[in-house]
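In what follows, a structure is listed as structure tokens, so that the remarks can point back to it.
2 protein chains.
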Amino acid sequence: MSHHESIKIVIVGANAAGLRAGARAKRLMPDADIKVIDQGVYISYGACGMPYVVSGDIENIDELRKTTYGVIRDPEFFRSAKGLNVVIQTVAEKIDRESKTLTCKSLVTGETSQYPYDKLVLATGASPIMIPGVPTDNPRVSTFKTFEDALAMQQAFQKGEIGRIGLVGAGPIGCELAEAASAMWGAETVLIDAAPNILPAILDPEMARPVENHFRSEGVEVYVDCPLDGIAETEDGLVIKTPKGEFKVDHVVIAVGVRPNSKIAADCGLEIGKGGGIVVDEKMATSDPDIFAAGDCVELKHLLTGQPIQLPLGSLANREGRVIGSNLGGGDERFGPVIGSAAVKVFDFNVAATGLTEKAAGEAGFNVGVAWGSYTHIADYYPDSENLHLKLVYDKSTTRLLGLQGYSKGEVVKRIDVFAALLKCEGKLEDLLDLEFAYAPPYAPALELLNIIGCIARDSLLEGVEALPPNSDISDRLIVDLRREHESTDRPLVEDNILKLPFETFRDTWNQVPKDGPIVCVCTKGIRSCEAVRILNQQGYPDVRYIGGGTLIKLDQ
Amino acid sequence: MSHHESIKIVIVGANAAGLRAGARAKRLMPDADIKVIDQGVYISYGACGMPYVVSGDIENIDELRKTTYGVIRDPEFFRSAKGLNVVIQTVAEKIDRESKTLTCKSLVTGETSQYPYDKLVLATGASPIMIPGVPTDNPRVSTFKTFEDALAMQQAFQKGEIGRIGLVGAGPIGCELAEAASAMWGAETVLIDAAPNILPAILDPEMARPVENHFRSEGVEVYVDCPLDGIAETEDGLVIKTPKGEFKVDHVVIAVGVRPNSKIAADCGLEIGKGGGIVVDEKMATSDPDIFAAGDCVELKHLLTGQPIQLPLGSLANREGRVIGSNLGGGDERFGPVIGSAAVKVFDFNVAATGLTEKAAGEAGFNVGVAWGSYTHIADYYPDSENLHLKLVYDKSTTRLLGLQGYSKGEVVKRIDVFAALLKCEGKLEDLLDLEFAYAPPYAPALELLNIIGCIARDSLLEGVEALPPNSDISDRLIVDLRREHESTDRPLVEDNILKLPFETFRDTWNQVPKDGPIVCVCTKGIRSCEAVRILNQQGYPDVRYIGGGTLIKLDQ
């Protein structure tokens with residue numbers, strides 16, 4: 001690759017996307033001169049691990065910037081191991097596309113310097129969104145984005161300065177911090193979100209309710225449909241003002257999302273998307289073919305909606321960086337449209353999702369069908385078997401798969417990742433029935449819920465066996481409770497109108513069900529009640545439904 | 001569905017495939033008359049859970065035949081809950097296809113009876129293969145297939161009758177029983193297999209070695225390349241004779257596979273495959289359109305080789321049964337070709353695979369390429385992070401994915417199942433790079449090994465960075481050890497010819513490597529050594545390789 005001998009590459013941003021791009025380019029072009037500019041002191045750290053530093057799961061924050069073999073990833077490491085010249089505490093201020101020069105300013109000396117480039121890579125990341133009216137100069141009101149943010153919060157807890165904390169925004173960061181503050185530090189914790197439920201980007205309301213209730217059972221106060229009206233500073237602390245009340249706290253973290261750092265790109269005339277992200281093509285090139293961009297500062301394309309989307313995820317940033325590195329080195333690699341898989345740990349609940357929620361699919365114009373399913377995450381007779389709850393979103397016209405969301409004290413991420421692979425292949429409902437799983441009792445049940453939920457959706461679509469959402473108001477229906485006596489303690493039915501007909505003898509007893517009026521069948525996983533609906537439908541009952549996923553999903557509070 | 005009113009369906013075999021077919025058919029055709037014949041006393045039990053009854057993980061064997069809500073699945077349950085008429089202790093003896101009649105004989109009364117059918121379903125299962133010359137009338141020589149087998153073995157251990165056990169056949173059953181005998185009962189355990197490695201259907205030798213060594217570290221004696229020459233019965237026990245020695249034991253379990261129970265099908269002229277399985281089409285119909293077959297008694301088609309295959313797995317049997325039930329009910333469902341995913345727990349090792357091994361892919365005529373990779377199963381800084389080891393098999397001409405096998409003390413089954421979804425979609429190497437994973441530190445690393453191993457394979461295929469198998473003899477190469485000092489204790493190198501050049505400064509020190517002669521680079525995961533190979537290649541070194549997956553895979557003993 002001698003024709004690359006003198007190529008000058010300048011990269012702005014020394015985290016996942018920028019460094020991966022640089023390291024890959026250097027591997028392909030050993031003689032390339034690659035400089036990486038970063039405004040921070042700390043580089044190449046696993047920002048996604050920061051909540052677990054606050055929670056104490058990770059004892060030393062430096063673990064986040066070590067290689068798997070224990071070397072701190074500092075500029076010297078990148079020089080001697082990766083052949084990259086990393087310049088820290090330096091702000092990229094201006095791009096001159098005519099002369100192909102980047103102007104930077106040292107935060108230490110204040111001096112300005114010029115970096116000529118043949119190819120420029122922007123991996124400028126994103127910044128936390130602040131809510132208008134929230135004080136920005138109070139150290140007790142913070143965001144949680146940088147290494148320094150995490151260090152400051154860890155220290156505040158260690159010093160006992162935070163006895164009561166308010167978290168504004170119940171996305172992944174807010175949820176992870178809520179667990180950290182509450183479980184590790186015993187802080188009274190208030191988590192609020194303006195959306196109808198927590199984790200609104202990945203969960204629909206009825207799937208979020210059990211997670212919200214799990215927070216509450218662990219002592220975290222959760223308020224949804226609860227926008228922040230303002231934060232008042234008083235003598236003995238802060239007051240969070242909301243329509244659902246005022247909450248006195250010692251500290252507030254605003255975690256309502258991030259905004260791409262695209263100003264330097266916009267200033268030099270690069271195309272910027274409506275959401276503020278730098279527009280890139282499949283090769284991760286911007287509107288200037290000599291300038292690439294990757295990571296939280298770009299906008300990606302959603303595979304299912306075809307629309308632009310911001311997805312600030314370290315896992316994607318890494319892959320985008322590699323694509324740029326390959327293309328700088330003469331390759332022709334593409335970074336395709338994305339689907340947006342995500343996972344969040346909420347105490348001992350595992351929560352994960354991929355693709356579109358029902359809400360997002362509806363907004364995107366699909367003819368949305370949904371199905372709920374519950375089943376054990378491993379063989380039911382194997383120790384520590386837990387219930388897994390999934391919601392499937394698909395298009396009823398085409399049967400194309402659109403999304404999956406789930407929670408469980410057992411395994412859920414595997415199901416999400418398998419489904420994500422199908423989404424990438426433009427899978428349909430029928431493909432769910434055809435999936436093969438590595439089956440052994442410690443790892444999976446013989447009947448896998450992803451197979452089952454495909455059947456449930458088809459039963460509904462083709463055979464008219466219809467479910468109600470798990471958070472439905474069923475007070476105006478006759479409830480046929482198919483559970484055994486001992487199961488009723490799991491979720492006692494508080495409604496009046498109940499007929500108890502255990503499923504195991506239902507083919508002998510179904511005719512005790514009055515034929516007039518609306519009926520809802522309930523069990524614990526939705527399997528028995530689904531079959532009961534079919535039996536009653538076949539006997540001519542006019543309006544029979546069941547609770548999708550069973551009653552283990554508690555009704556709305 | 002009134003036109004089905006009087007349909008008579010007879011099903012032979014009351015386990016996963018037969019009962020699922022019957023229950024589904026009954027759901028679709030409430031007036032169908034469905035009889036299920038079984039020769040056993042116990043029906044509908046989770047046979048895959050039996051090793052865990054022996055191991056004590058499952059306390060009561062009846063757990064294997066309960067629904068998830070605790071009802072025993074006996075004939076009465078199937079009558080009152082599922083509308084099926086199950087007749088036990090009755091052997092199906094003969095099919096008369098002309099008169100459409102099944103002749104059965106009661107094992108209790110000895111009486112013969114006739115079952116007329118409109119549609120017949122054969123779910124006759126499979127029987128353990130016995131090795132010629134092995135005594136079949138000695139109660140101390142057994143197989144492990146039925147509920148009764150599991151009960152007998154559990155009782156023999158409980159009575160202290162088995163202090164030393166021999167397991168012939170190191171497939172999943174042999175491996176699971178080895179753990180059960182050794183860990184639960186403290187039995188001295190000998191596991192032998194005629195193949196070059198344990199779990200030969202799912203692992204290649206170099207991936208099996210660490211699992212074999214793990215068995216040994218837990219006290220199980222493992223002998224591979226070790227066919228059974230015979231079993232001698234002596235006064236004080238049994239003697240297992242092999243080329244690798246004689247082993248005195250109290251009990252021998254023969255677990256060398258199963259053979260389809262297809263005699264009744266063959267006797268009435270149905271088409272039988274070379275492997276002895278009943279031939280079925282995609283609708284699971286036999287060569288007689290009024291007779292269906294499913295479960296361990298049929299032969300399936302392998303998606304990748306196009307060849308017939310026997311895959312006796314409960315998870316497949318369930319899905320096959322559903323397809324038959326749907327088709328009996330007027331549907332048009334298909335059971336597609338299979339890929340054969342599998343998982344086995346070996347003490348605290350998780351072992352899983354899907355698709356073809358390198359050996360099987362070679363035999364099937366593919367232009368086989370392989371890649372090995374190791375990486376942490378979750379974020380390396382998160383507690384309980386473990387190394388995950390994978391081997392990828394693909395076709396070098398088409399880049400089509402063919403197989404994946406792996407082991408880890410951490411998660412491995414997720415990776416196998418995700419890969420299996422890609423296999424079903426006829427995925428290629430490039431699709432691995434494009435996979436999205438739900439990423440959060442407790443669930444996944446930011447760099448997912450399935451993405452990485454796709455890159456490794458492409459580095460090899462397109463860029464000439466070549467690995468040696470982890471079990472290679474490297475004594476004739478100069479070893480460049482890129483590890484840090486503390487890592488060497490994990491796998492001390494015993495070879496003589498070692499140059500220690502830690503990777504973190506390798507770009508300053510590579511020129512200390514002599515240019516003549518063959519070189520092998522080693523680290524712990526194969527990441528650093530792979531990069532070192534590239535650096536040396538670029539400097540004109542003529543013969544540089546690295547150990548695929550790093551040195552954590554110990555070399556052959």
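Chains as they are written, first to last, in our numbering: chain G, 1 to 557; chain W, 1 to 557. Each residue gets a CB set at the ideal place from its N, CA and C atoms; glycine is no exception.
With a threshold of 9 angstroms between beta carbons, is residue i in contact with chain W?
i                           : result
alanine 208 (chain G)       : no
phenylalanine 349 (chain G) : no
aspartate 434 (chain G)     : yes
glutamate 411 (chain G)     : yes
valine 36 (chain G)         : no
glutamate 333 (chain G)     : yes
phenylalanine 366 (chain G) : no
Report yes or no: is there a C-beta of chain A within less than 9 angstroms of the C-beta of residue i?
i                       : result
histidine 486 (chain W) : Structure shown: chain A not included; protein chains present are G and W.
Do you know whose CA, among the options, lies nearest residue i's CA?
i                        : options                                : result
glycine 83 (chain W)     : W:Ala21, W:Gly46, W:Ala266             : W:Ala21
cysteine 104 (chain G)   : G:Pro289, G:Glu98, G:Ser113            : G:Ser113
alanine 187 (chain W)    : W:Pro514, W:Ser55, W:Val87             : W:Ser55
isoleucine 416 (chain G) : W:Leu429, W:Tyr443, W:Ile173           : W:Tyr443
glycine 276 (chain W)    : W:Ile547, W:Ala285, W:Ala266, W:Met284 : W:Ala266
glycine 331 (chain G)    : G:Pro337, G:Arg322, G:Leu151, G:Lys244 : G:Arg322
glutamate 426 (chain G)  : G:Tyr394, G:Ile254, G:Leu482           : G:Tyr394
threonine 101 (chain W)  : W:Val91, W:Asn387, W:Tyr117            : W:Tyr117
leucine 561 (chain G)    : G:Leu28, G:Met207, G:Glu487            : Any answer about residue 561 (chain G) is impossible in this case: the structure gives chain G only from 1 up to 557.
histidine 251 (chain G)  : G:Pro260, G:Met153, G:Leu303, G:Ile339 : G:Met153
leucine 191 (chain G)    : G:Pro205, G:Pro227, G:Lys159           : G:Pro227
Considering just the uninterrupted stretch of the beta strand (DSSP E) at residue i, what are its terminal residues?
i                       : result
leucine 392 (chain G)   : 387–395
cysteine 521 (chain G)  : 519–522
lysine 263 (chain W)    : No beta strand (DSSP E) contains lysine 263 (chain W), which is instead part of the alpha helix (DSSP H) from 263–267.
valine 224 (chain G)    : Neither: valine 224 (chain G) is in no beta strand (DSSP E) and is coded neither H nor E.
lysine 35 (chain G)     : 33–37
isoleucine 88 (chain W) : Segment: none, isoleucine 88 (chain W) is in no beta strand (DSSP E) and carries neither H nor E.
Determine the contact status of residue i and residue j, defining contact as a CB-CB distance below 9 angstroms.
i                      : j                        : result
valine 522 (chain G)   : isoleucine 479 (chain G) : yes
alanine 420 (chain G)  : glycine 464 (chain G)    : no
leucine 401 (chain G)  : aspartate 431 (chain G)  : yes
lysine 374 (chain W)   : glycine 410 (chain W)    : Residue identity check: residue 374 (chain W) is serine in the sequence provided, not lysine. Cβ distance not < 9 angstroms, so serine 374 (chain W) and glycine 410 (chain W) don't count as in contact.
alanine 183 (chain G)  : asparagine 15 (chain G)  : no
alanine 255 (chain W)  : glycine 169 (chain W)    : yes
valine 346 (chain G)   : cysteine 175 (chain G)   : yes
leucine 203 (chain W)  : threonine 189 (chain W)  : no
tyrosine 546 (chain W) : leucine 468 (chain W)    : yes
aspartate 33 (chain W) : glycine 13 (chain W)     : no
Counting contacts by CB-CB distance shorter than 9 angstroms, is residue i in contact with chain G?
i                          : result
threonine 524 (chain W)    : yes
cysteine 48 (chain W)      : yes
glutamine 557 (chain W)    : At glutamine 557 (chain W) the pLDDT is 40, less than 50, meaning the model places this residue with poor confidence; the figure from the coordinates comes in the next sentence. Cβ-Cβ to chain G under 9 angstroms: no for glutamine 557 (chain W).
asparagine 327 (chain W)   : no
glutamine 307 (chain W)    : no
asparagine 318 (chain W)   : yes
phenylalanine 80 (chain W) : A small fix is needed here, since residue 80 (chain W) is serine in this sequence, not phenylalanine. With 9 angstroms as the cut-off, serine 80 (chain W) counts as an interface residue toward chain G.
asparagine 85 (chain W)    : no
leucine 401 (chain W)      : no
tyrosine 382 (chain W)     : yes
What residue range does the alpha helix (DSSP H) around residue i cover?
i                       : result
alanine 25 (chain G)    : 16–28
cysteine 104 (chain G)  : Looking at the DSSP string, cysteine 104 (chain G) is not in any alpha helix (DSSP H); the run it does join, the beta strand (DSSP E), is 101–106.
glutamate 188 (chain W) : No alpha helix (DSSP H) contains glutamate 188 (chain W), which is instead part of the beta strand (DSSP E) from 188–192.
histidine 214 (chain W) : 205–217
Is residue i near the ligand SAH, in the sense that its beta carbon is under 8 angstroms from a heavy atom of that ligand?
i                       : result
glutamate 504 (chain G) : With respect to the ligand SAH, the structure shown offers nothing to examine, as it has no ligands at all.
For the 8 angstroms Cβ check, are there 3 or more pairs between the region 130–147 of chain W and the region 205–221 of chain W?
no
Spell out a yes or no on whether the region 143–161 of chain W and the region 123–132 of chain W are touching, meaning 3 or more CB-CB pairs, one atom from each, closer than 8 angstroms.
yes
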